[in-house]
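Asks:
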Amino acid sequence: MLAMKNLILALAVTTLSTTLSSTLAAEIITLPIGEQTRQSELQLPERGTHKNTVLENFGDPQEMTSAVGEPPISQWRYGEYVVYFEGNWVIQAVVKHPPQDLSNR
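Positions -25 to -1, 1 to 80 (mature numbering (1 follows the signal peptide of the UniProt record, and there is no 0)) are the ones given, in order, by the sequence shown.
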């Protein structure tokens, strides 16, 4: 009985120390408030806009993907943003995040 209690205690201590060491080793990333969510200055297609209107107002995209899934979702990739469509209608336009130089870390 005492051996079983010692085994359970040893397992509990090992589990606790592993959990704490994993938590303590986590990297903390901080972003200045202004960089967490920034409003883009780009004009983007609005939700509910038809594909033809997007073509007229924003021109041809650099790349178009075929619709995938149900409902069919496709995307048009422009230089600084991506427009997502459900069928023929815009559901979201997302500004691409600029690449960061991580060599100085």
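Just so you know, even glycine gets a beta-carbon here, dropped at the ideal spot from N, CA and C.
(1) Based on the DSSP secondary-structure assignment, which residues constitute the bridge partners of His25?
(2) So, Glu38 versus Arg52, is the Cβ gap smaller than 9 Å?
(3) Can you give me the C-alpha to C-alpha distance between Ser(-9) and Ala(-16), rounded to a whole angstrom?
(4) Val69 bridges to which residues according to DSSP?
(5) Does Ile3 come out as helix, strand or coil in the three-state DSSP assignment?
(6) Helix, strand or coil: how does DSSP classify Val(-9) here?
(7) To the nearest angstrom, how far is it from the Cα of Arg22 to the Cα of Ala68?
(8) Tell me the rounded alpha-carbon separation between Val43 and Val57.
Replies: Taking the definition as stated:
(1) Trp64
(2) yes
(3) 11 Å
(4) Val57
(5) coil
(6) For clarity, residue -9 is Ser in the given sequence; the question names Val instead. In the structure shown, Ser(-9) sits in a helix (DSSP, three-state: H, G or I).
(7) 8 Å
(8) 16 Å
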